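Chains as they are written, first to last, in the numbering used here: chain A, 16 to 162; chain B, 16 to 162.
Cβ coordinates follow ideal geometry from the N, Cα and C atoms, glycine included.
What you are looking at is a predicted structure, and each value in this text was computed from that prediction instead of being measured.
A short write-up of the structure that comes next.
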DNA sequence: CAGTATCCAGCTAGATACTG
DNA sequence: CAGTATCTAGCTGGATACTG
């Protein structure tokens, strides 16, 4: 058969894609996922509502509603939230489920693929929070010593 | 003494910063590090020249020259490379060393702080490369089923 | 070699208004 | 509730030219 299984394709990927090369599609993918809202949405999905106490609940990601996300990601515009959710859905990282209640209920949930990226994003978000002071200190030092 | 040690500050950070909050400085930091060139530069520093075979050499990051970086990160403009390197230096993630040879030799090297982020970035780049095919397949499916 | 400086096209993302 | 649609200010980043 000419068709390859997903597993076979994936096995090839490791040697074929290199994000250091400008023309490589993985470079575009890296650019996509290197995005503030992607990071925050993926970090949010999979946490429970009280994210401060839910640092280690990544094992069972909970679906979240549109409005929940928009509340949790303070400051996100409707446009960016919807846009980012669409692109994540298109890329197979999350699923969108619309329940025909009145009014309609829409939930977003991580796929397995999304979950694998979720872990990286959570680490990234945690890194930013944990090292904020260090970075701030370095900036002060740099700024005072550079006329 | 009124001054806090860096360790004390860091201990506080865990509870004080939350990137889900728009006004939190860690949100800005997350936005900074969620950048294509930051990801690629940090992924590059710490690898050896033949990055394809150097997947597990993160233990001893090797300094790299400006020209090396610009060659490795195919397609980066001088402006973006310099700009990104400056911001990484300012944030204390890399150090810049100018050796007064003729012509001048400049090397960039990860700091300990930078190294900790390097590991995350390497994983992110690897994720993009490994799951490229999966994502591509999902996109095709999505596009054909969405008129 | 390793930058700096300048210009500008184009994309991003926020604000705003409207809807099934 | 969960979007869609439109407009636009302004920031990003690429191209280009010049330098210690």
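Integer Cβ distance of residue i from residue j, believed to fall under 8 Å
{"i": "residue 111 of chain A", "j": "residue 123 of chain A", "result": "6 Å"}
{"i": "residue 57 of chain B", "j": "residue 132 of chain B", "result": "6 Å"}
{"i": "residue 135 of chain B", "j": "residue 135 of chain A", "result": "7 Å"}
{"i": "residue 139 of chain B", "j": "residue 76 of chain B", "result": "Their Cβ separation, rounded to whole angstroms, is 17 Å, which puts residue 139 of chain B and residue 76 of chain B out of contact at 8 Å."}
{"i": "residue 113 of chain B", "j": "residue 88 of chain B", "result": "The pair is not a contact, with the Cβ atoms about 20 Å apart (cut-off 8 Å)."}
{"i": "residue 147 of chain B", "j": "residue 157 of chain A", "result": "Actually they are not in contact, since the Cβ atoms of residue 147 of chain B and residue 157 of chain A sit about 36 Å apart, beyond 8 Å."}
{"i": "residue 107 of chain A", "j": "residue 149 of chain B", "result": "7 Å"}
Test: residue i CB closer than 8 Å to a CB of chain A
{"i": "residue 143 of chain B", "result": "yes"}
{"i": "residue 94 of chain B", "result": "no"}
{"i": "residue 114 of chain B", "result": "no"}
{"i": "residue 54 of chain B", "result": "yes"}
{"i": "residue 160 of chain B", "result": "no"}
{"i": "residue 81 of chain B", "result": "no"}
{"i": "residue 121 of chain B", "result": "no"}
{"i": "residue 135 of chain B", "result": "yes"}
{"i": "residue 124 of chain B", "result": "no"}
{"i": "residue 90 of chain B", "result": "yes"}
{"i": "residue 41 of chain B", "result": "yes"}
{"i": "residue 147 of chain B", "result": "yes"}
{"i": "residue 150 of chain B", "result": "yes"}
{"i": "residue 128 of chain B", "result": "yes"}
{"i": "residue 84 of chain B", "result": "no"}
CB contact check: residue i to chain B, cutoff 8 Å
{"i": "residue 32 of chain A", "result": "yes"}
{"i": "residue 49 of chain A", "result": "yes"}
{"i": "residue 109 of chain A", "result": "no"}
{"i": "residue 77 of chain A", "result": "no"}
{"i": "residue 103 of chain A", "result": "no"}
{"i": "residue 132 of chain A", "result": "yes"}
{"i": "residue 100 of chain A", "result": "no"}
{"i": "residue 57 of chain A", "result": "no"}
{"i": "residue 60 of chain A", "result": "no"}
Simplified DSSP assignment, three categories, for residue i
{"i": "residue 119 of chain A", "result": "coil"}
{"i": "residue 56 of chain A", "result": "helix"}
{"i": "residue 48 of chain B", "result": "helix"}
{"i": "residue 125 of chain A", "result": "strand"}
{"i": "residue 89 of chain A", "result": "coil"}
{"i": "residue 238 of chain B", "result": "Outside the shown range of chain B (16 to 162) lies residue 238 of chain B, about which nothing can therefore be said."}
{"i": "residue 152 of chain A", "result": "helix"}
{"i": "residue 68 of chain B", "result": "With a pLDDT of 41 at residue 68 of chain B, under the threshold of 50, the predicted position of this residue should be treated as unreliable, and no value is reported."}
{"i": "residue 37 of chain B", "result": "coil"}
Alpha-carbon spacing of residue i relative to residue j, whole angstroms
{"i": "residue 95 of chain B", "j": "residue 104 of chain A", "result": "30 Å"}
{"i": "residue 41 of chain B", "j": "residue 102 of chain B", "result": "15 Å"}
{"i": "residue 117 of chain B", "j": "residue 86 of chain B", "result": "21 Å"}
{"i": "residue 154 of chain B", "j": "residue 90 of chain B", "result": "25 Å"}
{"i": "residue 79 of chain B", "j": "residue 143 of chain B", "result": "24 Å"}
{"i": "residue 52 of chain A", "j": "residue 97 of chain A", "result": "10 Å"}
{"i": "residue 161 of chain A", "j": "residue 128 of chain B", "result": "21 Å"}
{"i": "residue 125 of chain B", "j": "residue 100 of chain B", "result": "11 Å"}
{"i": "residue 92 of chain A", "j": "residue 82 of chain A", "result": "12 Å"}
{"i": "residue 121 of chain B", "j": "residue 159 of chain A", "result": "22 Å"}
{"i": "residue 145 of chain B", "j": "residue 109 of chain A", "result": "18 Å"}
{"i": "residue 84 of chain B", "j": "residue 119 of chain A", "result": "51 Å"}
{"i": "residue 115 of chain A", "j": "residue 50 of chain B", "result": "38 Å"}
| task | Flag this pair as touching only if the segment 28-44 of chain B and the segment 40-49 of chain A have three or more C-beta atom pairs under 8 Å; answer yes or no. | result | no
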